[in-house]
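Here the structure comes first, spelled out in structure tokens, and everything after it is commentary.
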Amino acid sequence: MNALIISDNITKNTIGFADRDLRASLLHTCTPFKIFVLDKNDRGNTNKAILCVYLHWEEIGEVDEDYAPIHTYQVCRVMEQNQNNWLYTNWILTEGAQRVYIELKFTLRDCNSLPGGVGTCKETFNMVLKENRYIKVDTIAADESFTELDLGDRVMKLNTEVRDLGPLTHKGFYLAFQDLGACIALVSVRVFYKRCPFLVKSLAEFPDTIPGSEASQLVEVVGHCVNNSLPLYEPPRMHCSTEGEWLVPIGKCVCKPGYEEISGACQVCKVGFYRSLLESPGCSKCPPHSVARQTGATVCTCEDGYYKIESDPSNMACTRPPSAPRNAISNVNETSVFLEWSIPLETGGRKDIRYNILCRQVLPEGRGLDECGPNVRFLPRRVALSNTSVMVADLQSHTNYSFLLEAVNGVSELAKDHPKQYVSLNVTTNQAVSVVRKGHTGKSSIALSWAEPDRPNGIILEYEIKYFEKEQDSSYTIIKSKDTEMVVEGLKPSSVYIFQVRARTSAGYGAFSRRFEFQTSPYLAITLALVLLAVVAGFLLSGRRCGYSKAKQDPEEEKMHFHNVKFPGVRTYIDPLTYEDPNQAVHEFAQEIDVSSISIERIIGAGEFGEVCCGPLRLPGKREIQVAIKTLKVGYTEQQRRDFLWEASIMGQFNHPNIIRLEGVVTKSKPVMIITEYMENGSLDTFLKKNDGQFTVIQLVGMLRGIASGMRYLSDMGYVHRDLAARNILVNGNLVCKVSDFGLSRVLEDDPEAAYTTRGGKIPIRWTAPEAIAYRKFTSASDVWSYGIVMWEVMSYGERPYWEMSNQDVIKAVEESYRLPGPMDCPEALYHLMMDCWQHERTNRPKFDEIVCLLDKLIRNPSSLKKLVNSSHRYEGKSGSAFTLICIAVLLFRTSFQTKQQL
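Per this note's numbering, the sequence shown starts with residue 2, numbered consecutively.
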């Protein structure tokens, strides 16, 4: 605040008196006077002003109690008429101010206290301003006046009035006071303006600023960043009010990179610390594997062997390339290879891991390696894989390949000196059968023979013969043979058929041979042949392989059996119960093993009939293998012995990589044993619970694909499992899943859609289709329902279906269209397949071959598994929320369902 002080009564509180004598330049009627310019911080500057007396104003000089001079200007000509007495200043500079304030201190005598005969008396006076002309500012009146008595006591009643002038348009002005007949003493005249003083705030400097002319006006002032600081987002601004106050701060300054604010000043970052961003609150310690060796660092440099890319945030640790992938495995299928691996043990500190595949073909006779040609396809791609699996297709048959799997991350390209880390896999594709020959040809049969491939990839386990009528390749039939010849029967006379053959080894299936065309003999209409054919069909349907009498069949089932009869040459399952002597079935389908070839090393579990052990099996001429051994407990009855060996009679008929393999039985000594292949990881439900969340989606889908493939094989043989559940799936060391436990299984006869009525016994409610629960009728379609439950168990890592709901609650909920919700993080495609498996109408459920086909497509296209089940389809409850689940179930039971609830 600047002030122009007119009066000596406050000179003891001011500084900077004027030294120049101005009398020489003034009229004789003017008296020199001292003018002071002050601000809020009491910093004084001298200005010039002269107070002139005109017409009877008198200057009175006195001293106060401290002997300091006091000057007042007085006029009291109340005894005379027509008074017009003036007191005025010379030119007062405004110094840029557009609004100034006038503070007056004065005393005024009460007219009533004056003696009689007064010519004129007033208790006011006028204040006048002149810029280019005189303008009356205001009439000044006293709040308190004094009397003659007051004068006797020397009590001076001082009045203070303040007026503001503006907006001023000139560089200065004159100020004058007009007395029209008052008794007045002017003690002090103070002229000043307000301003916002110099300020430093938030590292920004704001200069002295004069406010605007209007009372509500704010003057915006842009600050200047000081002390190694920079504007944050925008330059700092403040607003100066007419009261001389700083208001409405906008923006601020912050210390520039390499500095931090401490006690209102920017100080340099110490060694080992850095600050790279203006938004950062202060200097930070260098992240792991980086260092700052000088003060004022804006970034930290990486240690040797560690790197950063431009997109890495400054507070991220320096990283390095990953180690090689782990646990790489391969699965050969014809001329395709499915490769799968685990993430590296050392990720280098990054999450952006990708995988590259290098494919090389092994040249014959040790001539080295050659890059795989452009015809080899990688699904989804060869480089920058985010998944830990890839399908390699269109390889050459019976060819050795070497695959190098490399893990890379964002800094691998920067690590030129870092040796690349690979894991290698050597794979041999299966050789195709080259030539298929035609032998004897009949009206409805063709004899085929072929040569074993010259260089099979392991021991040939069996052959598959695929055939179909020419121009009708959309519908084909596959039959199997363990020999290199086969008579294909049930063909149409005078018809051309296409035949293809492929071999299967322990490494998988080889490619089908090229197509061979053969024609049946001409048709002769012999009625006897039709009659014989009908008799044979009737015999097959009513013979000892049925497993139940004709009286128990529905008429519709008899029709289905008749129209879907399987002719000789198509392998079907034979129920051991159709044998009059069950021992005969055991010895027909299971190999007898000498007990001396088996060593029991340890007990791994307990079964219904006795203990389950493991140990080595040493057969003459074969390598030693680890096997599982089921034993029959001591003191068994003959019926228990038959029931125990009955499962072996079933298993011995199966030969598939996803069905538990029977090695043989021990029946000629005690204890009686069933010998099967050893599965290192045990049952699937226990294995998943132990490894909760440890597998990729592709790995889980691979497990499901193996189970579906095994069930397709059983369905093709006309066989129903009846107890398909994760507890009855075994897992080996390569994560291959195999269907086991055929204790509840029954024959399905020849028609895959025919139903079987059980003879009683316990039913696994949570895994069983509604029609099987209600009517005890089991089909391949009921196995498909159970497979959907197994899918849910796999994707939820062994969670118990329907949690703690009772069996009766489950039965009622399923009948009222309740279905299990999608497991956490379950791909939408898999959940849709589960819902298809749980269709109430069994004819609407998919077949196992359709399920295998769909899963193969998902494996070849992993991106289709990225979309997860919508949260509205998922219930978050776990086994610990049993009470809540039961409440939900009860609510469902009490609700009348208008449409099927799709969860």
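Using N, Cα and C, we set each Cβ at its ideal position, and we do this for glycine too.
**Prompt:** Residues in its own chain within less than 8 angstroms of F540 by CB, not counting five upstream and five downstream?
**Reply:** Only weak support is given to the placement of F540: the predicted model assigns it a pLDDT of 42, under 50, and the value that follows is read from those uncertain coordinates. Taken in chain order, the list of residues that qualify is empty.
**Member of V272, C303, G306 and E472 whose CA lies at the smallest distance from the CA of R294** = V272
**Item:** With 16 other Cβ atoms within 10 Å as the buried cut-off, status of V428
**Value:** buried
**Prompt:** From which residue to which residue does the beta strand (DSSP E) around H240 run?
**Reply:** S230 to C241
**Message:** Contact between the stretch 323 to 334 and the stretch 403 to 418 is defined here as three or more beta-carbon pairs at a separation below 8 angstroms; is this criterion met?
**Reply:** yes
**Asked** Relative to the C-alpha of Q84, which residue among K671, D180 and P672 is closest?
**Response** D180
**Prompt:** What are the boundary residues of the alpha helix (DSSP H) that includes R642?
**Reply:** E639 to M652
**Asked** According to DSSP, is A205 helix, strand or coil?
**Response** strand
**Request:** Tell me, please, whether the stretch 840 to 852 touches the stretch 370 to 378 by the rule of three or more beta-carbon pairs shorter than 8 angstroms.
**Result:** no
**S807, buried or exposed, once every other Cβ within 10 Å from all chains shown has been counted against 16** = exposed
**Item:** Distance CB(G259)-CB(A298) smaller than 8 angstroms
**Value:** yes
**Prompt:** With T121 and V79 assumed to form a contact (beta carbons below 8 angstroms), what rounded beta-carbon distance in angstroms separates them?
**Reply:** 6 angstroms
**Request:** With DSSP as the reference, label H399 as helix, strand or coil.
**Result:** coil
**Request:** Please work out which residues of its chain come closer than 7 angstroms, Cβ to Cβ, to F705, disregarding the five sequence neighbours upstream and downstream, and give them in chain order.
**Result:** Looking at the sequence shown, residue 705 is not Phe but Leu. If we look at L705 and ignore the five residues flanking it on each side, its Cβ neighbours are M792, V795 and L856.
**Option nearest N401 by Cα separation, candidates S337, E414 and S214** = S337
**Prompt:** In terms of residue numbering, what span does the alpha helix (DSSP H) encompassing W786 cover?
**Reply:** S781 to M796
**Prompt:** Using DSSP with H/G/I as helix, E/B as strand and the rest coil, what is D484?
**Reply:** coil
**Request:** In the DSSP assignment, find the alpha helix (DSSP H) that holds T140 and state where it starts and stops.
**Result:** Premise fails: T140 lies in the beta strand (DSSP E), Y135 to A142, not in any alpha helix (DSSP H).
**Message:** Tell me which residues share the same chain as L166 and place their Cβ nearer than 8 angstroms to its Cβ, disregarding the 5 neighbours each side in the sequence.
**Reply:** R100, V101, Y102, I103, L130, V138 and F174
**Request:** Measure the CB-CB distance between K257 and S230 and report whether it falls below 8 angstroms.
**Result:** yes
**Request:** Report, in whole angstroms, the separation of the C-beta atoms of L200 and F207, which I expect to be a contact under 8 angstroms.
**Result:** 5 angstroms
**Asked** So what's H225 in DSSP terms, helix, strand or just coil?
**Response** strand
**Request:** Determine the burial state of A216: buried for a count of at least 16 other Cβ atoms within 10 Å of its Cβ, exposed for fewer.
**Result:** exposed
**Request:** Please report how far the alpha carbon of Q628 lies from the alpha carbon of G665, in whole angstroms.
**Result:** For clarity, residue 628 is Val in the given sequence; the question names Gln instead. Straight-line Cα distance between these residues: approximately 10 angstroms.
**Request:** Report back the beta-carbon spacing between V870 and G823 to the nearest angstrom; my notes put them in contact at under 8 angstroms.
**Result:** 3 angstroms
**Prompt:** Who are the Cβ neighbours of M674 in its own chain at under 6 angstroms, not counting the five residues just before and after it?
**Reply:** I630, T632 and V667
**Message:** On the criterion of 16 or more Cβ atoms from any shown chain inside 10 Å, does Y135 qualify as buried, or is it exposed?
**Reply:** exposed
**Asked** The beta strand (DSSP E) with N328 in it runs from where to where?
**Response** R327 to N334
**Item:** DSSP state of R861 mapped onto helix, strand, coil
**Value:** helix
**Classification of D717 by the beta-carbon crowding that lies within 10 angstroms, buried from 16 upward** = buried
**Message:** Here's the rule: buried if 16 or more other CB atoms are within 10 angstroms of the residue's CB, otherwise exposed. What is Y234?
**Reply:** exposed
**Prompt:** Quick one: is A830 buried, meaning 16 or more other Cβ sit within 10 Å of its Cβ, or exposed?
**Reply:** buried
**Message:** Using 8 angstroms for Cβ pairs, my map puts N733 next to E648. What's the rounded Cβ distance?
**Reply:** At roughly 20 angstroms, the Cβ-Cβ gap does not stay under 8 angstroms, so N733 and E648 are not in contact.
**Request:** State buried or exposed for K867, treating a residue as buried only when at least 16 other CB atoms are found within 10 Å of its CB.
**Result:** exposed
**Request:** Report buried or exposed for D474, applying the criterion of at least 16 other Cβ atoms within 10 angstroms of its Cβ.
**Result:** exposed
**Request:** Measure from the alpha carbon of A770 to the alpha carbon of each residue in V737, A709 and D837, then state which is nearest.
**Result:** D837
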